[in-house]
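Have a look at the structure below before the remarks.
Numbering (the working numbering), first residue to last: 56 to 1201.
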């Protein structure tokens, strides 16, 4: 039966329970066990069919070699040249074939892996007496072991007697045995990746050999789009991260491990919650509305960072789980970050924001190896905010009342939670941060099995990750199983499979963003008055709804204990590929893959919380199913002719993405016992929402890499993409690039300079696209509207936007100039890049006349630019018994909007609905994300200043906020006096890693940071918006009073000046330097059965140097929007972690 994926309408596969996933894992495991059991047998069970008559023995050997993977080693002098042989074998084994072939011949054989050694049989004593007396050479039996420079055994080393075909091969332990009859023989020891050695054994019977690595043969190979390249031949800008770097970070997802490891890559933890999202910018943001996250490619499969149930019914901003967290970092072998157009143009319409290539671990030939990696740790919040205690808070409330002419209480009133006749007797009160934060465990366990032979190679891994959040009620778990299998079906045909199945689940601590005003846990813990007890006298939880100021302050304790916000994601990713070496220089790879996920989210707010109390319980269920299908067909041609080297890649790819989601909720429950399990038990139903999306991408791609004389490099790349997302008039687009390189170090005048190992300059130019928009933005979408028809309410369909058949890709043109320099035998490496990127055809909503029936249209307008410099320096400082390797990277990026025709500069939405804080300002000539607010100028210190003004209102008094009068008209007006007061884009970012080792000890220290970026601290506004009715930071103890005028903190009031929330008073310096990780380990000497064993202690987020007053300067609460960067809206606090771990190999 043929299946046409374009027309398929069956139900997508879904995993809805842990039991289903476990069944799938069991099935996969059984299949793997069955496959593993055949690995060893496969090498010797290969069937042979051969029929030959009256041929020479040497011709028979060659016939067998052409049909199998075996190689014959023999001395021609041992072969009977005058004898002809015949053989007739059908589906026989190699032993059956050789026994028939060598019957009645004075020859014997021995099989070492895939090498067959033919020997001349030694005659018995009786045969020697009868035979004619000849002078026979003496037999010298030679044995030994071949190892590398570290003492590790090398299996499969070829040993040949020079000038003959006679030889042997080392076994799995590196042992060999060879019978020598030649006079003064010379032995040649050769192994891939090592320098060959020629040795004369003399009269020795034992000869051990140490092979040294061949730096040229082992030249680093870098994964690029649809292939690999030698690092020395790269013309594009690519950064690499190896698995060793990933092991040193207890991260839930691999994108977190990129932070600070690559120049030009800014990684921000959008949420520090377990499994929280990460925001990545490669060389700045290129778009205003179409997404700025890079494309991720896992073992050749392009995936996106979106697609979880948290996108439906979340109720919070930026707090959802990270969909990339379903991929275990321990499964990753390497990551390559493609940054310029030469590297990314092969991905066309998805390459503008950069590409991250992930390669997972694969099996290797040889003895099966088993390894275990595990750690256990404890996390604590890096710091608590310094909030007022009960005594200080009561004094603030009374002072605010006096300042605003309100009488302070004289007598106690147990029914008034703000009655403080004697603040001095209040004591410390309740520290609500202690009530919601905890010490939390984190652990990870993974087992990896790898092995195989020349026919089949397998890598299997299973892992379990469990992280409890430092905020009570939050956690994250992941169980994953990965299997990569490579099977040689024929000499020129390879079949590969990649399969990953995972389940992640966790509870989201209600944090980040508006989240129903003060209902998010972090903010509630900070502003809940310390004078208010957790419980009321009747044993119920205390509620402040409303406060005397009219606001709502939520008790955080029932939120963390009873709020339910549970999410789980089941995911299966798999690809199958057939690799056919058509001829020696031409290969074809055909692959099919799928990525299926099913995400569920359940939420319930019980009556113990303010929101639940007001709604009599509120429940929500959301689900999202995503399915992706991929077919790729790639031809690769490699040819080396004298000084000319050419690599050609051509291909056709097709990918379809489907997405279906729904969300529904109800409230007004009779009891909390149902939680979210029975939405029908609620009496009030919110209208359910659902959606279904589908998109397709068809592509033709090609790349030509040409090298002349290993000196001059040129690369031409192009990709033509056809996407269903864009308008009827612009379905297709072509994205080309060209790059050149010049290896100056290959010139004779440079080769005479011993210090220079490699010197290459390169330049590239190209165009890439961005298609990260909704699937149907080019179409007029219909919605249901109600309208009056003859006095009756009637429902009907009407378009809710204007169609745009001309909608097309955003296009980013990138120019890059780079230099690669290696010194002192590649001991020191330096890389520098300068780039300029210009994005045109920006997608943006432009106002249209109201006579059209709409307010705006989504069009391609405007442009912006990014330009910057990247520097990377590293190498081995010491390389003796004491080793020290260091790597430092530094980068700067300058971003600016160039033009947006038809657009009037304005604020980009409010950050908080109830605080009315304006978001970033968007205008040509300015960086994206800047804040255009009033400039805070301290407080009015004396009457003279107050008389001179300008005042923000007629009620302004001494000690009130003062602002800069930009236009000098004597009054303060937000629209007229605002100015650029902050920029979230850093002046530069950096990372510095150091690895030390001495004998068995190792120490690694990694630091990273940013400089020059600002943060909009919305939490500071939350603490003050309700006047004195919510707790405030202890900094307010230095507020203005008649006896404390030398301060810039306003006086206490029962209300807050609204202009204060629209000013630079909220802007803080976000620069920081952080000791991100430090690890101290010891590796034991290998013993029988244990190949390696390392134990270590490690720390994460150990030290942070910053002026920022919030929990952590690494924030980006609203998520991944390029228009709302650097916002701290009650962000989930980062944790400091201490761990102990072990890595064991068997």
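We put the CB at the ideal spot given by N, CA and C, even for glycine.
Query	Result
Any 3 or more C-beta pairs closer than 8 Å across the region 424–439 and the region 465–483	no
Touch test, the region 817–827 against the region 838–845, Cβ-Cβ under 8 Å, three pairs minimum	no
Reduced DSSP secondary structure (H/G/I, E/B, other) of residue 985	coil
Which residues DSSP lists as bridging residue 119, in chain order	Answer is none; residue 119 lacks a bridge partner.
Complete runs of the alpha helix (DSSP H) confined to the region 1019–1091 [at least 4 residues]	1029–1032, 1073–1080
DSSP three-state assignment for residue 1189, whether helix, strand or coil	coil
First and last residue of the uninterrupted alpha helix (DSSP H) at residue 992	Segment 991–994 is the beta strand (DSSP E) holding residue 992; no alpha helix (DSSP H) there.
Among 1125, 701, 356, the one whose alpha carbon lies nearest that of residue 284	701
Exposed unless 16 or more other CB atoms sit within 10 angstroms - verdict on residue 1076	buried
Distance CB(residue 917)-CB(residue 955) smaller than 8 Å	yes
Assumed close pair residue 1214, residue 500 - CB separation to whole angstroms, cut-off 8 Å	No information on residue 1214 is available, as it lies outside the stretch 56 to 1201 that the chain covers here.
Proximity below 8 Å, CB of residue 1073 to CB of residue 966	yes
Boundaries (first-last residue) of the beta strand (DSSP E) holding residue 657	641–660
Nearest-angstrom Cβ-Cβ length linking residue 1200 and residue 1151, presumed shorter than 8 Å	Rounded, the Cβ-Cβ distance is 14 Å, inconsistent with contact.
For residue 443: DSSP bridge partner residues	DSSP output for residue 443 lists no bridge partner at all.
Alpha carbon of residue 1194 to alpha carbon of residue 260, nearest angstrom	51 Å
Residue 978 beta carbon less than 8 Å from that of residue 1059	no
Collapsed DSSP secondary structure at residue 879 in the structure displayed	coil
Same chain, Cβ closer than 6 Å to residue 615, neighbours up to 5 away in sequence not counted	491, 527, 528, 576
Nearest-angstrom Cα separation, counted from residue 1040 out to residue 666	37 Å
Where residue 1094 sits in the DSSP three-state scheme	coil
Exposure label - residue 443; buried when at least 16 CB within 10 Å	buried
Contact the region 1137–1156 vs the region 392–406: 3+ CB pairs below 8 Å	no
Proximal residues to residue 134 (C-beta, below 7 Å), its chain only, five neighbours per side dropped	112, 113
N- and C-terminal bounds of the alpha helix (DSSP H) containing residue 613	611–617
Cβ separation of residue 413 and residue 351, assumed to be a contact under 8 Å, to the nearest whole Å	7 Å
Selected residue, minimal CA-CA separation from residue 440, among 1103, 1088, 1169	1088
Range covered by the alpha helix (DSSP H) that runs through residue 804	803–806
CA-to-CA distance, residue 716 to residue 167, given in whole angstroms	58 Å
Proximity below 8 Å, CB of residue 1052 to CB of residue 938	yes
The region 1113–1125 contacting the region 986–993, beta-carbon criterion three pairs below 8 Å	yes
N- and C-terminal bounds of the beta strand (DSSP E) containing residue 487	That residue, residue 487, is in no beta strand (DSSP E); its alpha helix (DSSP H) goes 487–491.
Beta strand (DSSP E) segment containing residue 912, residue limits	911–915
Three CB pairs or more closer than 8 Å across the region 947–954 and the region 927–936	no
Integer Cβ distance of residue 128 from residue 197, believed to fall under 8 Å	That belief does not hold up - the Cβ atoms of residue 128 and residue 197 are roughly 15 Å apart, past 8 Å.
Through-space distance from residue 721 to residue 671, alpha-carbon basis	10 Å
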